[in-house]
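Enquirer:
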Amino acid sequence: MAPASVRAAQAQPSADRRLSTLVRHLLPSSPRRTAAAASADTSSATLESFPTMASQGSSAFAALAQAPEDPILGVTVAYNKDPSPAKVNLGVGAYRTEEGKPLVLNVVRRAEQMLINNPSRVKEYLPITGLAEFNKLSAKLIFGSSSPAIQENRVATVQCLSGTGSLRVGGEFLARHYHEHTIYIPQPTWGNHPKVFTLSGLTVRSYRYYDPATRGLDFKGLLEDLSSAPLGSIVLLHACAHNPTGVDPTIDQWEQIRQLMRSKSLLPFFDSAYQGFASGNLDKDAQSVRMFVADGGELLMAQSYAKNMGLYGERVGALSIVCGSADVAVRVESQLKLVIRPMYSNPPLHGASIVATILKDSDMFNEWTVELKAMADRIISMRQQLFDALKSRGTPGDWSHIIKQIGMFTFTGLNSEQVAFMRQEYHIYMTSDGRISMAGLSMRTVPHLADAIHTAVTQLK
Amino acid sequence: MAALSRAASSAIRRPLLAPPRLQAARAMASSLFGHVEPAPKDPILGVTEAFLADPSPNKVNVGVGAYRDDNGQPVVLDCVREAERRIAGNLNMEYLPMGGSIKMIEESLKLAYGEDSEFIKDKRIAAVQALSGTGACRLFADFQKRFLPDSQIYIPTPTWSNHHNIWRDAQVPQKTFTYYHPESRGLDFAGLMNDIKNAPDGSFFLLHACAHNPTGVDPTEEQWREISHQFKVKKHFPFFDMAYQGFASGDPERDAKAIRIFLEDGHQIGCAQSYAKNMGLYGQRAGCLSILCEDEMQAVAVKSQLQQIARPMYSNPPVHGALVVSIILNDPELKSLWLKEVKGMADRIIGMRKALKENLEKLGSPLSWEHITNQIGMFCYSGMTPEQVDRLTNEYHIYMTRNGRISMAGVTTGNVAYLANAIHDATKPN
């Protein structure tokens with residue numbers, strides 16, 4: 001027979017018992033709790049207003065508020081719910097064919113078949129650092145196979161979960177091992193960057209990047225802001241095809257940025273999500289990165305194969321850290337393992353195997369470059385068509401930025417009101433910052449988009 | 001000694017000498033990371049590294065918990081091969097939602113909570129696809145840190161070494177609770193119940209649902225009931241790590257018994273599931289994290305918050321493994337093939353446990369080896385000391401973790417006698 005106290009406790013309804021015990025965890029006045037709610041970007045729901053809190057309390061998470069939709073991925077969610085046959089999804093940056101379908105590259109299909117048909121292939125755990133062959137080939141792809149950093153074994157490369165995972169692992173590494181914990185990110189940047197780095201343990205600041213007046217680069221502002229950054233600060237750079245603006249520095253501007261950064265010992269952290277996708281040429285799109293490597297300095301590089309190999313959901317990417325010496329690279333790699341192991345132990349096998357299969361075979365590599373160029377060319381052609389369509393409609397404003405910007409996205413310059421209007425009236429979905437994914441356009445849908453922009457711009461100022 | 005130093009030395013790479021002009025440039029610039037210390041090797045994964053580097057023809061890997069067939073070869077299940085045939089060429093590789101594959105999650109919940117679970121019907125379970133068991137535990141640990149910042153986690157002694165890393169990196173303070181009883185090589189049930197009673201009310205506990213790693217020691221059904229009862233009294237939160245469902249007894253339903261007991265008792269549990277071992281999907285990183293909530297609305301809220309944790313870590317989980325899991329579990333024929341194959345793996349391991357014990361007894365070992373067949377799942381906690389383990393490695397090229405944990409999945413009819421001989425040699429009283 002249980003002791004009296006236990007029996008008495010059991011006589012109470014369980015909900016009340018748990019509530020009374022756990023409510024001290026859930027006091028809304030706790031600063032950390034508020035911070036947690038704030039970091040979830042909760043604009044509507046607060047802990048105090050969560051409906052079931054008063055009535056039910058037996059759960060440890062009773063007071064938890066629902067997080068809002070991710071601003072980028074949420075666009076697709078909304079698009080999917082829309083029953084209109086005229087709907088167009090220009091939200092998330094995933095390539096679509098002229099028919100509006102997702103594309104698996106032929107060379108990827110071939111690689112996958114080779115893997116499936118090979119009976120000796122197994123599914124064992126990869127090492128913590130991932131598939132070694134994939135890592136070497138990825139480093140060569142971005143840095144160039146004749147890169148001195150690679151020749152001298154100064155590059156530590158670890159396979160990670162696409163670009164996001166590479167950024168996160170790099171951020172965590174820097175928070176643990178680098179003396180400066182501030183990272184400067186361009187204004188604007190991919191919506192997920194601030195969260196990734198904040199959760200890594202870094203402080204996020206921004207540097208000027210986009211000039212709304214010219215819809216181009218605010219180069220003066222960029223140089224000023226990087227000049228005034230504390231020595232040794234980390235600086236996030238989009239290697240090419242800046243997301244969301246599509247505005248890239250010229251080669252000369254990159255050289256000036258490089259000189260400034262090296263003179264202030266600013267640590268470059270490159271995000272390369274579009275190598276080959278921007279210009280259609282892999283080497284051209286890697287120029288900015290290679291410039292920094294050529295001067296012998298150190299840097300971090302997050303690579304993604306989501307877009308350029310169409311491997312999106314397979315989550316294939318790599319983090320490379322170019323170090324001052326091979327000895328440092330060995331130690332750095334060992335520390336990267338300590339970040340990865342408690343996160344997910346080792347990275348997923350399938351996508352990396354496909355990439356390695358393609359990159360190491362010169363025929364398949366060439367086939368890939370052809371398919372990649374075709375995707376880049378289709379996007380460039382969509383840019384031209386949209387520009388021409390707006391011109392022919394006499395839409396007010398200078399729309400040349402559509403053909404000047406590069407890569408998957410165009411920063412249209414539309415404001416959030418206009419964006420909402422286009423969603424309502426024309427069933428066109430884009431992120432509220434006016435970013436459109438050119439990859440989501442086709443010859444068929446360009447006129448519809450041009451009409452929508454025209455109406456939005458003329459009716460709503 | 002020789003094997004170990006060769007293995008160790010192969011891991012140390014000598015820096016290449018740079019060409020003269022770059023050498024000069026390098027000498028001027030020091031590395032921003034020059035102060036970075038070399039990290040210690042992972043105690044489990046480092047074993048396989050050393051094993052691979054060993055050239056001895058007699059080497060045996062009973063380190064990492066990855067299944068091997070009786071020829072010592074890794075296995076890809078037939079049901080998996082068939083699922084992959086259906087995937088290749090037919091499906092695209094689009095991003096999954098942040099929370100992962102809905103189909104995979106649905107099937108995973110049925111496995112853990114029961115086909116006809118009322119909680120599934122009532123949509124009370126917040127669940128997301130995770131990066132295998134590690135990823136599921138990490139998402140939960142990060143979630144715990146964010147929403148219950150005053151909480152800590154009670155972790156059994158011993159446990160899978162990475163558990164400590166996970167909650168540490170999530171910055172959730174950890175405590176341990178008594179679990180293993182070295183003298184009997186079984187469960188220290190009294191110690192366990194004591195620690196449960198003494199923990200502050202409302203504590204979070206990590207429980208291995210079945211086939212405890214590394215000891216192979218599980219509570220009996222009756223003991224689980226008592227634990228569950230005490231958890232109710234103390235209002236503790238049970239978080240189950242289930243990495244071996246199906247692998248322990250050969251029957252997934254049976255292996256989920258502990259979880260079902262807790263659910264019947266009205267606990268609101270958290271659960272990390274992995275398909276690494278039971279579907280042989282190791283490197284595909286397929287798993288699921290679920291949290292049973294008060295009601296559907298809360299489940300929606302909790303899921304949304306879990307997604308917020310996943311988004312800045314990897315955005316969305318890998319699609320391939322999820323497709324394999326959902327194809328297999330959704331197709332009655334493939335599912336039944338899978339159940340057969342899981343049972344086959346579990347049975348082989350149970351057979352090897354018997355064989356190892358019999359071999360040791362045949363060698364005349366005076367020690368008790370009952371625990372080899374009493375323990376369950378992939379691992380046997382042999383009771384060997386680190387020094388004895390080192391002897392096995394250095395003299396016999398047998399690789400295992402230094403806590404004396406043997407991965408029975410690495411034992412075959414071909415090496416069991418050799419293994420028994422080595423163990424006997426290292427443990428026999430002088």
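Protein chains in written order, with full-length UniProt numbering: chain A, 1 to 461; chain B, 1 to 430. Yeah, the Cβ is synthetic: ideal placement off N, Cα and C, and Gly gets one too. This one's a predicted model, so the numbers in the text were calculated from it and none came from an experiment.
Are the beta-carbon atoms belonging to B/Gly250 and B/Ala346 less than 7 Å from one another?
Expert: Residue mapping note: residue 250 of chain B aligns to position 250 of the second sequence, counting from 1. Residue mapping note: residue 346 of chain B aligns to position 346 of the second sequence, counting from 1. In this structure, B/Ala346 lies closer than 7 Å to B/Gly250 by Cβ.
Enquirer: A/Val355 to B/Asn421, Cα distance in whole Å?
Expert: Here residue 355 of chain A refers to the residue found at position 355 of the first sequence. Here residue 421 of chain B refers to the residue found at position 421 of the second sequence. So the two alpha carbons sit approximately 45 Å from each other.
Enquirer: Enumerate in chain order the residues of its own chain whose CB-to-CB distance from B/Gln245 is below 8 Å, with the five nearest sequence positions on each side excluded.
Expert: Reading the second sequence from its first residue, position 245 is the one you call residue 245 of chain B. Excluding residues within five positions, the ones whose Cβ falls inside 8 Å are Leu111, Ala112, Ala209, Cys210, Pro252, Asp255, Ala256, Gln273, Asn278.
Enquirer: Any beta carbon of chain A sitting closer than 7 Å to that of B/Gln230?
Expert: Position 230 of the second sequence, counted from the start, is the residue given in the question as residue 230 of chain B. No, B/Gln230 lies away from the interface with chain A (no Cβ there is under 7 Å from its Cβ).
Enquirer: Are there three or more Cβ pairs, one per stretch, closer than 8 Å when the region 332–352 of chain A is compared with the region 154–169 of chain A?
Expert: Yes, they touch.
Enquirer: I need the straight-line Cα distance from A/Tyr95 to A/Ser437, nearest angstrom please.
Expert: Numbered from 1 along the first sequence, position 95 holds the residue referred to as residue 95 of chain A. Numbered from 1 along the first sequence, position 437 holds the residue referred to as residue 437 of chain A. Using only the alpha carbons, I get a separation of about 8 Å.
Enquirer: Residues of the region 84–95 of chain B with a CB closer than 9 Å to any CB of chain A: list them in chain order, please.
Expert: Those residues of the region 84–95 of chain B that come within reach of chain A (Cβ to Cβ, closer than 9 Å) are Glu84, Arg85, Ile87, Ala88, Gly89, Leu91, Asn92, Met93, Glu94, Tyr95.
Enquirer: Using a C-beta to C-beta distance shorter than 9 Å, which residues of chain A count as neighbours of B/Arg311?
Expert: Start at 1 with the first residue of the second sequence, and residue 311 of chain B comes out as number 311. The answer, in chain order, is Asp70, Leu73, Thr164, Asn192, Lys195, Val196.
Enquirer: Please return the same chain residues whose Cβ sits closer than 6 Å to the Cβ of A/Ala2, not counting the five positions on each side in sequence.
Expert: Working through the first sequence from its first residue, we reach residue 2 of chain A at position 2. Below a pLDDT of 50, predicted positions are generally treated as unreliable, and A/Ala2, at 43, falls in that range; no measurement from the model is reported.
Enquirer: Quick check on B/Val172 - is its C-beta less than 7 Å from some C-beta in chain A?
Expert: As a first step, residue 172 of chain B must be located in the second sequence, where it is residue number 172. It does not: the Cβ of B/Val172 has no partner Cβ on chain A nearer than 7 Å.
Enquirer: Classify B/Ala190 as buried or exposed, calling it buried when 16 or more other Cβ atoms lie within 10 Å of its own Cβ.
Expert: The residue labelled residue 190 of chain B in the question sits at position 190 within the second sequence. So B/Ala190 counts as exposed.
Enquirer: Quick one, are the C-beta atoms of A/Leu217 and A/Pro186 less than 7 Å apart?
Expert: Here the question's residue 217 of chain A lines up with position 217 in the first sequence. Here the question's residue 186 of chain A lines up with position 186 in the first sequence. It is not a contact, given that the beta carbons lie outside the stated cut-off.
Enquirer: For the 8 Å Cβ check, are there 3 or more pairs between the region 432–449 of chain A and the region 407–418 of chain A?
Expert: With the cut-off at 8 Å, the region 432–449 of chain A and the region 407–418 of chain A touch.
Enquirer: If you scan the region 272–360 of chain A from start to end, which runs of the alpha helix (DSSP H) of 4 or more residues do you find wholly inside it?
Expert: Complete alpha helix (DSSP H) runs here, min 4: 282–285, 287–294, 326–344, 349–360.
Enquirer: Report yes if the CB atom of A/Val196 is closer than 7 Å to the CB atom of A/Arg168, and no otherwise.
Expert: Here the question's residue 196 of chain A lines up with position 196 in the first sequence. Here the question's residue 168 of chain A lines up with position 168 in the first sequence. A contact, by the Cβ cut-off of 7 Å.
Enquirer: Taking DSSP as the reference, what is the three-state secondary structure of A/Val155?
Expert: By 1-based counting over the first sequence, the position of residue 155 of chain A is 155. Three-state result, A/Val155: strand.
Enquirer: Among residues of its own chain, excluding the 5 on either side of B/Cys79, which ones have a beta-carbon nearer than 7 Å to its beta-carbon?
Expert: The residue you call residue 79 of chain B lines up with position 79 of the second sequence. So the qualifying residues of the chain are Ile328, Leu334, Leu337, Trp338, Glu341.
Enquirer: Please go through the same chain and pick out, in chain order, the residues whose beta-carbon is closer than 7 Å to the beta-carbon of A/Met291, but skip the five residues on each side of it.
Expert: Position 291 of the first sequence, counted from the first residue, corresponds to residue 291 of chain A. Around A/Met291: Trp254, Glu255, Arg258.
Enquirer: Quick check on DSSP: helix, strand or coil for B/Asp33?
Expert: Position 33 of the second sequence holds residue 33 of chain B. Checking the sequence shown, residue 33 of chain B turns out to be Phe, not Asp. If DSSP states are grouped into helix, strand and coil, B/Phe33 belongs with coil.
Enquirer: Strictly by DSSP, which residues pair up with B/Lys175?
Expert: As a first step, residue 175 of chain B must be located in the second sequence, where it is residue number 175. Its beta-bridge partners are B/Tyr154.
Enquirer: Show which residues of chain A have a CB atom less than 7 Å away from the CB atom of B/Leu131.
Expert: Numbered from its first residue, the second sequence carries residue 131 of chain B at position 131. Here the neighbours are Tyr344.
Enquirer: Work out the CA separation of A/Asn281 and A/Leu103 for me, nearest whole Å.
Expert: As a working mapping, residue 103 of chain A is identified with position 103 in the first sequence. As a working mapping, residue 281 of chain A is identified with position 281 in the first sequence. If I take the Cα positions, the gap works out to 19 Å.
Enquirer: When Cβ atoms are compared, which residues of the region 37–50 of chain B fall closer than 7 Å to chain A?
Expert: Hits within the stretch, in order: Glu37, Pro38, Ala39, Asp42, Leu45.
Enquirer: Check whether chain B comes within 7 Å of A/Ile251, counting only Cβ atoms and requiring the distance to be less than that.
Expert: Taking the first sequence and counting its residues from 1, the one referred to as residue 251 of chain A is at position 251. Not an interface residue.
Enquirer: Could you tell me which residues DSSP pairs with B/Tyr399 in its beta bridges?
Expert: The sequence position of residue 399 of chain B within the second sequence is 399, counting from 1. Answer by DSSP bridge pairing, in chain order: B/Asn61.
Enquirer: Once you ignore the five residues that flank B/Ser228 on each side, which residues in its own chain have a CB closer than 6 Å to its CB?
Expert: What you label residue 228 of chain B is simply residue 228 of the second sequence in a count that begins at 1. Taken in chain order, the residues that qualify are Ile261, Phe262, Asp265.
Enquirer: For B/Lys357, is the classification buried or exposed, using 16 other Cβ atoms within 10 angstroms of its Cβ as the cut-off for buried?
Expert: Taking the second sequence and counting its residues from 1, one reaches residue 357 of chain B at position 357. With 16 or more other Cβ atoms within 10 Å, it is buried.
Enquirer: Step through the CB atoms of chain B and report whether any lies within less than 7 Å of the CB of A/Ser263.
Expert: Taking the first sequence and counting its residues from 1, the one referred to as residue 263 of chain A is at position 263. Not closer than 7 Å to any Cβ of chain B, the Cβ of A/Ser263 fails to qualify, so no.
Enquirer: Compare the C-beta of B/Lys428 with all C-beta atoms of chain A and state if any pair is closer than 7 Å.
Expert: Here residue 428 of chain B corresponds to residue number 428 of the second sequence, with the count starting at 1. No, because no Cβ of chain A sits closer than 7 Å to the Cβ of B/Lys428.
Enquirer: Pull out every residue of the region 183–197 of chain B whose Cβ sits closer than 9 Å to any Cβ of chain E, in chain order.
Expert: Looking at the structure shown, chain E is missing, and the protein chains on hand are A and B.
Enquirer: Determine, using beta carbons only, whether A/Pro268 and A/Leu223 come nearer to each other than 7 Å.
Expert: Here residue 268 of chain A refers to the residue found at position 268 when the first sequence is read from its first residue. Here residue 223 of chain A refers to the residue found at position 223 when the first sequence is read from its first residue. Contact: no.
Enquirer: So that I know if they touch, is there some Cβ in chain B lying closer than 7 Å to that of A/Val122?
Expert: Locating residue 122 of chain A in the first sequence gives position 122, where the first residue counts as 1. Closer than 7 Å to some Cβ of chain B, the Cβ of A/Val122 qualifies, so yes.
Enquirer: Can you give me the C-alpha to C-alpha distance between A/Ser147 and A/Gly165, rounded to a whole angstrom?
Expert: The residue labelled residue 147 of chain A in the question sits at position 147 within the first sequence. The residue labelled residue 165 of chain A in the question sits at position 165 within the first sequence. Answer to the nearest angstrom: the Cα atoms are 25 Å apart.
Enquirer: Mind checking which residues open and close the alpha helix (DSSP H) that includes A/Phe421?
Expert: Here residue 421 of chain A is taken as the residue at index 421 of the first sequence, counted from 1. It spans 416–426 - the alpha helix (DSSP H) in which A/Phe421 sits, taken as one unbroken run.
Enquirer: What residue from A/Tyr125, A/Tyr178, A/His350 has the CA that sits closest to B/Gly34's CA?
Expert: Position 34 of the second sequence, counted from the start, is the residue given in the question as residue 34 of chain B. For B/Gly34, the nearest C-alpha among the options comes from A/Tyr178.
Enquirer: CB A/Ile403 to CB A/Arg383, shorter than 7 Å?
Expert: Taking the first residue of the first sequence as position 1, residue 403 of chain A is located at position 403. Taking the first residue of the first sequence as position 1, residue 383 of chain A is located at position 383. For A/Ile403 and A/Arg383, yes; Cβs fall inside 7 Å.
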